[in-house]
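Asks: Input: one structure, supplied below.
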Amino acid sequence: MTNNLDNRKRAFADVVTIDAWHEAFSDSNSKVDLHADIVFGRARVGGEPESPVRFRLSIKRAEVVVIIPESEPVAVDRASVSRDSPNLQARLTETKEQSAQASIKGGATGSISATGFTGSATVETGAQANVVATRKIEVSSTVSLLLVTQSQTVDGHYRWTVESQLAKVLEGRAWDANKEPRLKLIDQRKDRSKGIPPSVRVEVRCRREDLVIEDLGIKDQSLWESAKSKFGFKNKLIAAEAYIRDRLMEEGLEVKNIDDIFAHLTLGSVTAGTI
2 MTNNLDNRKR AFADVVTIDA WHEAFSDSNS KVDLHADIVF GRARVGGEPE
52 SPVRFRLSIK RAEVVVIIPE SEPVAVDRAS VSRDSPNLQA RLTETKEQSA
102 QASIKGGATG SISATGFTGS ATVETGAQAN VVATRKIEVS STVSLLLVTQ
152 SQTVDGHYRW TVESQLAKVL EGRAWDANKE PRLKLIDQRK DRSKGIPPSV
202 RVEVRCRRED LVIEDLGIKD QSLWESAKSK FGFKNKLIAA EAYIRDRLME
252 EGLEVKNIDD IFAHLTLGSV TAGTI
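Numbering (my numbering), first residue to last: 2 to 276.
Here is the structure:
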């Protein structure tokens with residue numbers, strides 16, 4: 002695979018890791034599969050000495066977007082676009098148990114004497130038993146670990162929205178990148194032996210409301226007081242948001258008004274390499 006490390010932008014690699022690749026275009030190969038490996042996780046953030054706060058960061062919903070610049074001589078084979086959820090599944094079993102209890106009681110009395118049936122001695126016998134009937138019902142179903150929905154952005158780029166079915170945040174791989182390419186790219190250059198081959202980019206985006214900030218705490222009270230005075234932080238959450246915004250901007254990733262819960266954030270971007 003060609004080295005495209007310089008074309009990677011990722012502020013929080015523990016939250017989302019992106020890798021993308023396709024076969025090289027050539028005179029005999031004008032159509033190639035685009036593969037994208039997307040892995041989600043939880044990050045421990047704020048370990049730097051200068052950070053006044055620390056927290057755990059994850060996301061509960063994300064968009065994987067294939068960006069094809071208008072200037073690039075490449076198109077998408079629409080019939081090849083992956084439109085189904087990936088085959089990453091688990092078995093969910095629910096057990097229901099019902100029980101019923103019944104009571105059985107019996108007895109007998111009699112009167113006998115040593116000389117016959119004329120005496121007055123009396124004997125009584127009795128017995129009681131409990132019977133419990135149990136019925137257990139197991140209902141099993143197959144559920145997808147991650148729900149993937151294909152659509153297009155307002156700019157016409159193909160995207161896949163990823164949500165968790167079982168957990169509150171995204172963890173693990175969105176799909177099998179080798180077996181499930183996202184789409185096929187078509188090289189539209191008239192002479193594929195000349196010029197620079199076209200390139201595409203894969204991004205992972207989310208909205209502010211999709212960020213999950215947990216275990217938020219102040220590392221050092223004096224450092225926190227200094228940061229509040231210098232940056233005007235009103236509370237720890239605002240400080241955490243500022244940390245996230247600054248990290249994204251340092252990597253050249255898009256971040257708009259992070260105070261707006263519907264604001265878009267770009268968590269990572271990579272130019273697809275060739276193999």
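Quick reminder that beta carbons are idealized off the backbone N, C-alpha and C, glycines included.
If we count the other Cβ atoms within 10 Å of its Cβ and call it buried at 16 or more, is G269 buried or exposed?
Replies: Numbered from 1 along the sequence shown, position 268 holds the residue referred to as residue 269. Counting Cβ neighbours within 10 Å, G269 comes out buried, since at least 16 surround it.
Asks: From the DSSP output, in three-state form, read off E51 for me.
Replies: Against the sequence shown, residue 51 aligns to sequence position 50. Correct three-state label for E51: coil.
Asks: For T150, does the count of other Cβ atoms within 10 angstroms reach 16, so buried, or fall short, so exposed?
Replies: Within the sequence shown, the letter at position 149 stands for residue 150. Classification for T150: exposed.
Asks: Find out if the Cβ-Cβ distance for the pair D67, R206 is shorter than 9 angstroms.
Replies: For the purposes of this step, residue 67 is taken as the residue at position 66 of the sequence shown. For the purposes of this step, residue 206 is taken as the residue at position 205 of the sequence shown. The sequence as given places Val at residue 67; Asp does not occur at that position. No, they are not a contact pair.
Asks: Looking at the structure shown, is L167 part of a helix, part of a strand, or coil, going by DSSP?
Replies: Position 166 of the sequence shown, counted from the first residue, corresponds to residue 167. Looking at L167 - three-state DSSP - the assignment turns out to be coil, as it is neither helix nor strand.
Asks: Can you give me the start and stop residues for the alpha helix (DSSP H) that E242 sits inside?
Replies: As a position in the sequence shown, residue 242 is number 241, starting the count at 1. K237 to E251 is the span of the alpha helix (DSSP H), which, as asked, contains E242.
Asks: For V170, which residues in the same chain have their Cβ closer than 6 angstroms to its Cβ, ignoring the five residues on either side in sequence?
Replies: Sequence index remark: in the sequence shown, residue 170 carries index 169 (1-based). S59, K61 and V213.
Asks: Using a Cβ-Cβ cutoff of less than 7 angstroms, which residues in the same chain neighbour S200 once the five nearest sequence positions on both sides are dropped?
Replies: Mapped onto the sequence shown, residue 200 falls at position 199. Here the set comprises E73, T272 and A273.
Asks: Please classify R246 as buried or exposed, where buried requires at least 16 neighbouring CB atoms within 10 angstroms.
Replies: Walking along the sequence shown from the start, residue 246 turns up at place 245. Buried, since its Cβ has 16 or more Cβ neighbours within 10 Å.
Asks: Do you know offhand how far H265's Cα is from R136's?
Replies: Counting from one through the sequence shown, the residue named residue 265 turns up at place 264. Counting from one through the sequence shown, the residue named residue 136 turns up at place 135. Answer to the nearest angstrom: the Cα atoms are 52 angstroms apart.
Asks: With DSSP as the reference, label V271 as helix, strand or coil.
Replies: Locating residue 271 in the sequence shown gives position 270, where the first residue counts as 1. Strand.
Asks: Quick check on L147: buried or exposed, where buried means 16 or more other Cβ atoms within 10 Å of its Cβ?
Replies: One-based indexing of the sequence shown puts residue 147 at position 146. Its Cβ being crowded by 16 or more others within 10 Å, L147 is buried.
Asks: Within 10 Å of its beta-carbon, does P53 have 16 or more other beta-carbons around it, so buried, or fewer, so exposed?
Replies: On the sequence shown, residue 53 is found 52 positions in, with the first residue counted as 1. With 16 or more Cβ atoms within 10 Å of its Cβ, P53 is classed as buried.
Asks: DSSP on A264, reduced to helix/strand/coil?
Replies: Against the sequence shown, residue 264 aligns to sequence position 263. Reduced to three states, the DSSP call for A264 is coil.
Asks: From V82 to A25, what does the alpha carbon distance come to, in whole angstroms?
Replies: To locate residue 82, count along the sequence shown from 1; it is residue 81. To locate residue 25, count along the sequence shown from 1; it is residue 24. If I take the Cα positions, the gap works out to 19 angstroms.
Asks: Can you give the Cα-Cα distance for S223 and S230, rounded to whole angstroms?
Replies: Along the sequence shown, read from residue 1 onward, the residue named residue 223 stands at position 222. Along the sequence shown, read from residue 1 onward, the residue named residue 230 stands at position 229. Each residue's alpha carbon lies about 11 angstroms from the other.
Asks: In whole angstroms, what is the alpha-carbon distance linking D188 and D38?
Replies: Here the question's residue 188 lines up with position 187 in the sequence shown. Here the question's residue 38 lines up with position 37 in the sequence shown. If you take the alpha carbons of D188 and D38, they lie about 22 angstroms apart.
Asks: Taking the alpha carbon of I276 as the point to measure from, which residue in A21, R202 and R9 has its own alpha carbon closest?
Replies: For the purposes of this step, residue 276 is taken as residue 275 along the sequence shown, with counting starting at 1. With distances taken between Cα atoms, I276 lies closest to A21.
Asks: Going along the chain, which residues of its own chain have a beta-carbon closer than 7 angstroms to the beta-carbon of S31, five neighbours each way excluded?
Replies: Taking the first residue of the sequence shown as 1, we reach residue 31 at position 30. I187, D188 and R193.
Asks: Say whether chain D places a C-beta atom closer than 9 angstroms to the C-beta of P198.
Replies: Included in the structure is just one protein chain, with no chain D present.
Asks: Provide the residue(s) that pair with R45 in DSSP beta bridges, ordered along the chain.
Replies: Reading the sequence shown from its first residue, position 44 is the one you call residue 45. Partner(s): R57.
Asks: Measuring straight from C-alpha to C-alpha, what distance separates T267 and R11?
Replies: If you number the sequence shown from 1, residue 267 lands on position 266. If you number the sequence shown from 1, residue 11 lands on position 10. Going by the C-alpha atoms only, they are around 9 angstroms apart.
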